Structures are given as structure tokens and as C-alpha cells.
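What follows is one structure encoded as C-alpha cells, with my remarks underneath.
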Ligand code: FES
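Residue numbers (my numbering): 124 to 295.
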């Protein structure tokens, strides 16, 4: 589930504690707890790592280690647009690295990061399930294939144009 920036809640101890207790506070439940925290906030806030550790009686470094080990977790809030870059075999053979490099340049976000303007989050994925269109990316659930660096420029420009239209012009 993608949580829009506008609907994301601010992290609260009450919500974090309720999620932890729902999973019985067992050390083995750290991953499901982190998954639910991410589902709630769109990312795992640093304050949640500390709180989970205290509640579950495990070192914060261990919780942090889990968050950074598994690619499914992110430590930064999602940007307005989520871009998944396929690094599966077919895409890799067809030039994903070049496409990913250009994407990083034009969005200002490397894989696993959100751009400073909050416009883009770029994630690395294993296979988007459309290998015949390699190399592929997915933008907000929509797949784009047979990509080139020029096609990436066009896609990102279109998104920026669309976002600019949604921001009302200043009055006066
Ligand atoms: S390898 Fe990229 S879509 Fe399958």
C-alpha cells in the first residue's frame, strides 16, 4: 500500500506501542511490527526504532540492523511519486544500470532514497514481471518498458509538469 504524503500521520508513541502490543511484544515479532509501522507511516521513523526496542526489550541496534538489512523497509518518508527500478536479470542485461543512473540524476534520489524536494522515492526491485519489456521501471503502479536515458528524462519531466499544474499559482 502506498501512503500519500498528505495523509501520513506523525509518529506517535501511542500508535507505536499499540502495534507492538498487538504482536505480543515477542522479540521474534520485530519484523511484523516493523511492517505494520511502515504500513502506518509509509516508512520506519527513527523514533519508532527506539520505542520498539524499549517495548520488546531488544537492543535498538538490533532493530536498526533489521531495518537496514531488509530492502522492504525504508527509513525516510515516501516521496509523492514512488519509482521502482527493476534490477532483475532481463533488465540488467538490457541496460538497467544506465537507466538507473539517469533516473538518479534527474530525480535527485538514488535507489533507496527520497529526493530533497519530496517529489520522488526511488526503490530497487528484483523483477516487475514484464521482462519482455526490459529494462523497466514502475511509476506509481504504472509500468514503463524498453527504456533509454532519454525516455527517463521524458517520464520525469511529465511528472514534474503534472505536479506543477497541481500547485496553484501564487495570487497577486
Ligand atoms: S527482470 Fe525486469 S521485469 Fe523481469
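Just so it is clear, CB atoms sit at the ideal spot from N, CA and C, and this is done for glycine as well. Just so it is clear, the structure is predicted and the values come from calculations on it, not from any experiment.
The C-alpha of residue 278 is placed about 14 Å away from the C-alpha of residue 258.
Short note on residue 209: C-beta closer than 6 Å to some heavy atom of the ligand FES. If one requires a minimum length of 4 residues, the alpha helix (DSSP H) runs lying completely within the region 143 to 209 are 153 to 164, 169 to 179, 183 to 192, in chain order. Going by DSSP, residue 247 is part of the beta strand (DSSP E) stretching over 243 to 248. Of the heavy atoms belonging to the ligand FES, none sits nearer than 6 Å to the Cβ of residue 183. Between residue 205 and residue 237, the C-beta spacing is not below 7 Å.
Straight through space, the alpha carbons of residue 197 and residue 162 are spaced by roughly 11 Å. Note that the C-beta distance between residue 146 and residue 137 is not below 7 Å. Residue burial is scored here from C-beta neighbours: residue 170 has fewer than 16 other C-beta atoms within 10 angstroms and is therefore classed as exposed. Within the same chain, 219, 223, 247, 248, 249 come within 8 Å of residue 210 by CB-CB distance, once the 5 residues on both sides are set aside.
Distances from the CA of residue 254 to each of 268, 239, 141, 187 were compared; the closest alpha carbon is that of 268.
The beta carbon of residue 232 sits closer than 6 Å to those of 238, 243, 245, all from its chain and outside the five residues before and after it, given in chain order. Contact between residue 266 and residue 251 holds: CB atoms are separated by about 6 Å, below the 8 Å threshold. Exclusion of the five residues before and after residue 221 leaves 272 as the residues of its chain whose Cβ lies within less than 7 Å of its Cβ.
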